[in-house]
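J.:
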Amino acid sequence: MSVKNDKDVRALPARENAYTKGLGDSLLVRVKPNGTKSFEYPFKYAGKSERLYLGTFPQTTVTMARQEVIKAKAALVQGINPAERRRALKAEARQAKQKEKAERNRLKERERNTLRNICELWLAAKEGKSADRSLKRWNPSTANKARLIIRKHLYPLIGDRPIAEIRRKELKDYLTYFNAGGGFENGRKIANYLSQIFEYSVDNEFREDNPALRLGVVAPATETQCHRPAPENTSELQATLLAMESARCSPTVSVAMRITPYLFLRTSEICKMRWQDLDLAKGLWEIPSDFMKVKKNGNHIVPLSKTVIKLIRTLEPFRFQSDWVFPNGRDTSRHMTNNTVRMAMRRSGIEGASPASFRASAKTLRTQLGLNRDAVELERIVDLQLHHSNGDKYGKAYDRFEYLKERTEFMLAWSHYLDSLKQPAGVTFIHS
106 MSVKNDKDVR
116 ALPARENAYT
126 KGLGDSLLVR
136 VKPNGTKSFE
146 YPFKYAGKSE
156 RLYLGTFPQT
166 TVTMARQEVI
176 KAKAALVQGI
186 NPAERRRALK
196 AEARQAKQKE
206 KAERNRLKER
216 ERNTLRNICE
226 LWLAAKEGKS
236 ADRSLKRWNP
246 STANKARLII
256 RKHLYPLIGD
266 RPIAEIRRKE
276 LKDYLTYFNA
286 GGGFENGRKI
296 ANYLSQIFEY
306 SVDNEFREDN
316 PALRLGVVAP
326 ATETQCHRPA
336 PENTSELQAT
346 LLAMESARCS
356 PTVSVAMRIT
366 PYLFLRTSEI
376 CKMRWQDLDL
386 AKGLWEIPSD
396 FMKVKKNGNH
406 IVPLSKTVIK
416 LIRTLEPFRF
426 QSDWVFPNGR
436 DTSRHMTNNT
446 VRMAMRRSGI
456 EGASPASFRA
466 SAKTLRTQLG
476 LNRDAVELER
486 IVDLQLHHSN
496 GDKYGKAYDR
506 FEYLKERTEF
516 MLAWSHYLDS
526 LKQPAGVTFI
536 HS
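Just so we're aligned: the sequence shown equals residues 106 to 537 in our numbering.
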C-alpha cells in the first residue's frame with residue numbers, strides 16, 4: 106500500500122509492533138501499536154545516522170511534514186544539523202514563553218505592589234493588626250491620625266504608583282507641590298511616613314532602596330514650624346477667652362474648650378480626662394502615662410484651679426453616663442475626638458489659634474504673672490507642667506511630684522490671670 110496523502114496516512118492500521126511507511130523524498134510515517142502516527146525524516150550528519158521528528162498526525166499534515174523535510178535538507182546543504190537546529194528553536198521558544206510569563210507576573214506584581222497596598226500593609230503592622238511584629242506599634246489615636254493624613258494627602262497623587270518604580274525626585278516634587286498649598290506640618294509628617302513606608306518595603310523585599318531617606322529636609326523650615334499660632338499678647342488672649350465664653354455648643358464641648366487655656370495640655374490629653382483620675386477635693390488631676398504623648402515621663406500631675414474645678418463640676422450630673430468626663434457624642438464608651446474642640450473654636454470665630462496654642466501662650470506670657478522666681482527656675486516649672494521631655498536638658502529623670510508646690514502656685518497665678526482677662530472693663534476680679 107502506497108502512502109501519499111492525509112487520507113492514506115489515516116487509513117494505516119495499528120499493528121502489534123511499530124512500523125514505518127515511506128511517503129517519498131525520505132519522509133516516513135511511523136505507526137505505533139496504540140495507533141499514534143508521527144512523521145520522521147532520517148538523515149546523516151557527520152557520518153552519523155539521525156532522525157528528525159516532524160510532528161504527530163493529524164496535527165501535522167503530510168503537506169506540513171514535506172515542508173519541514175525541505176527545510177531540513179536546506180539546512181544540511183548549509184552544514185547545519187536540522188535536529189540540533191530544531192532543538193535550538195524549541196529552546197528559544199521555551200525561553201520566549203518563560204520570558205513572556207515572567208513579564209506577565211511582573212506586571213501583576215507591579216499592579217499589586219503599589220504604594221497604596223504596601224502602605225496598607227505597613228499601617229496594619231503599626232496598628233498590630235498583622236502577623237508582622239517587627240515594627241513598634243502605635244496607639245489607636247496616632248494610627249487614626251496617620252491613616253487620615255495618608256489617605257487624604259498621599260494616596261490621591263501617588264498611591265497607585267508601583268512602589269518599586271518611585272524615585273526620590275518624584276517624592277521631592279510631590280512634597281514641594283504639597284507644601285505650596287501651605288500644608289507644612291502635614292508635609293513633615295508625610296515625609297516621615299514615606300521614609301518608614303519605604304524602609305518597610307526594603308525590609309520586605311518590595312524594592313532595594315529607600316528613596317525617602319532623610320526626605321524631611323525637603324519640607325522647608327518656615328514661620329509655621331512652631332506648629333500652632335498662639336495668642337502672644339494680652340489683647341489676643343482676651344479676645345480668644347471671651348469668644349470661648351460666648352460659644353454656642355453642648356455643655357460637654359463648652360467645658361472642654363473653656364478649661365483648655367488653663368491646663369497647658371495637648372488636646373488628646375484633655376479629651377482623655379476620666380472621673381477616676383480626678384481628685385477635685387485636692388484640686389489635682391493625675392494623668393496615666395499611657396494617655397500622655399511623652400510616655401517615658403510617667404504619670405503627670407496637673408494642679409486644678411477653682412475655676413477649672415467649678416467648670417468640671419457642672420458636668421457631674423452626667424457622670425453616670427460614662428467613665429470619661431468628655432465622652433464621645435455618639436458612643437459614650439469612647440472619649441471625645443481630638444478635633445471636637447478645634448472645630449468648636451473655629452465655629453466660634455476664633456482664628457489663628459488652636460487648643461494646643463495655649464501651651465505656647467503659657468511660655469510667652471509667663472513673665473506677666475508676677476511670680477517671685479528667677480528666669481531659669483520659672484522655665485523649669487513651666488516645662489515640667491507642660492510635661493516636656495527634660496532628661497537631656499536638665500540631666501535628670503522626670504518626677505511628677507517635682508516642684509509640685511511651685512507648679513500649683515504657677516497654675517493658680519495663671520488661672521487668676523486668665524480670669525481677670527474675662528472680666529468686663531472696670532471690674533476687678535478677686536481670686537478666691
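Every residue, glycine too, gets a C-beta built ideally from N, C-alpha and C.
1) Just to confirm the assignment, what range does the beta strand (DSSP E) spanning H405 have?
2) Compute the Euclidean distance between the alpha carbons of A230 and V307, then round it to the nearest angstrom.
3) Taking the beta carbon of L447 as the centre, do at least 16 other beta carbons fall within 10 Å, making it buried, or is it exposed?
4) Per the DSSP calculation, I392 is bridged to which residue(s)?
5) Give the secondary structure of D384 by DSSP, where H, G and I count as helix, E and B as strand, and everything else as coil.
6) P147 bridges to which residues according to DSSP?
7) Rounded to the nearest angstrom, what separates R435 and S427 at their Cα positions?
8) Less than 8 Å between the CB atoms is what I'm expecting for A180 and R190, so what's the real figure, rounded?
9) Quick check on R545: buried or exposed, where buried means 16 or more other Cβ atoms within 10 Å of its Cβ?
10) Could you pull the start and end residues of the alpha helix (DSSP H) that R439 belongs to?
11) State the CB to CB distance for the pair L117 and K153, rounded to an integer number of angstroms; the pair is presumed to be in contact (CB under 8 Å).
12) Please report the residue range of the alpha helix (DSSP H) in which R363 lies.
13) Using the Cβ count rule (16 or more neighbours within 10 Å means buried), how would you classify G377?
14) Assign V360 to one of two classes, buried (16 or more other C-beta atoms within 10 Å of its C-beta) or exposed (fewer than that).
15) Determine the extent of the beta strand (DSSP E) in which K411 is found, giving its start and end residues.
16) Is the segment 158-172 in contact with the segment 117-132, if contact means three or more CB pairs nearer than 8 Å?
17) Which same chain residues end up closer than 7 Å to E304 when comparing Cβ atoms and leaving out the 5 residues on each side of it in sequence?
18) Buried or exposed for S373, please, with buried defined as at least 16 other CB atoms from any protein chain shown within 10 angstroms of its CB.
19) For V114, report the span of its alpha helix (DSSP H) as first-last.
20) What residue range is occupied by the uninterrupted alpha helix (DSSP H) comprising R171?
21) Just to check, is the beta-carbon of F423 closer than 7 Å to a non-hydrogen atom of the ligand HEM?
T.: Quick answer:
1) The residue you call residue 405 lines up with position 300 of the sequence shown. Taken as a continuous stretch (DSSP letters only), the beta strand (DSSP E) holding H405 covers H405 to P408.
2) Within the sequence shown, residue 230 is the residue found at index 125, counting from 1. Within the sequence shown, residue 307 is the residue found at index 202, counting from 1. C-alpha separation (whole angstroms): 15 Å.
3) The residue given as residue 447 occupies position 342 in the sequence shown. The sequence as given places Arg at residue 447; Leu does not occur at that position. Around the beta carbon of R447, a 10 Å sphere encloses 16 or more other beta carbons of the protein chains shown; the residue is thus reported as buried.
4) Counted from its first residue, the sequence shown places residue 392 at position 287. The partner list for I392 (beta bridge, DSSP) reads H405.
5) For the purposes of this step, residue 384 is identified with residue 279 of the sequence shown, where counting begins at 1. Looking at D384 - three-state DSSP - the assignment turns out to be strand.
6) What you label residue 147 is simply residue 42 of the sequence shown in a count that begins at 1. The partner list for P147 (beta bridge, DSSP) reads R156.
7) For the purposes of this step, residue 435 is taken as residue 330 along the sequence shown, with counting starting at 1. For the purposes of this step, residue 427 is taken as residue 322 along the sequence shown, with counting starting at 1. Those two C-alpha atoms are separated by around 12 Å.
8) Residue numbering aside, residue 180 sits at position 75 when the sequence shown is read from its first letter. Residue numbering aside, residue 190 sits at position 85 when the sequence shown is read from its first letter. The beta-carbon separation of A180 and R190, rounded to 6 Å, stays under the 8 Å limit for a contact.
9) This structure does not reach residue 545, given that the chain is present from 106 up to 537, and the question cannot be answered.
10) Looking up residue 439 in the sequence shown gives position 334. Unbroken run through R439: none, as it is neither H nor E.
11) Within the sequence shown, residue 117 is the residue found at index 12, counting from 1. Within the sequence shown, residue 153 is the residue found at index 48, counting from 1. Between K153 and L117 the Cβ distance is about 29 Å, and since that is not below 8 Å, they are no contact.
12) To locate residue 363, count along the sequence shown from 1; it is residue 258. R363 -> alpha helix (DSSP H) spans P356 to L368.
13) As a first step, residue 377 is located in the sequence shown; it is residue number 272 there, counting from the start. Inspection of the sequence shows that residue 377 is occupied by Lys rather than by Gly. Looking at its Cβ environment, which holds 16 or more other Cβ atoms inside 10 Å, K377 is buried.
14) As a first step, residue 360 is located in the sequence shown; it is residue number 255 there, counting from the start. Here V360 is buried, its C-beta having at least 16 other C-beta atoms within 10 Å.
15) Locating residue 411 in the sequence shown gives position 306, counting from the first residue. Counting along the chain, K411 sits inside no beta strand (DSSP E); it lies in the alpha helix (DSSP H) bounded by residues K411 to R418.
16) With a cut-off of 8 Å, the segment 117-132 and the segment 158-172 count as touching, because enough Cβ pairs lie within range.
17) For the purposes of this step, residue 304 is identified with residue 199 of the sequence shown, where counting begins at 1. Here the set comprises N315.
18) As a first step, residue 373 must be located in the sequence shown, where it is residue number 268. If you draw a 10 Å sphere on the C-beta of S373, you find 16 or more other C-beta atoms in it, and that means buried.
19) By 1-based counting over the sequence shown, the position of residue 114 is 9. Unbroken alpha helix (DSSP H) run through V114: D111 to A116.
20) In the sequence shown, residue 171 corresponds to position 66, counting from 1. Looking at the DSSP string, the run of the alpha helix (DSSP H) that includes R171 is V167 to V182.
21) Absence of the ligand HEM from the depicted structure is noted, as is the absence of any ligand whatsoever, leaving it without description.
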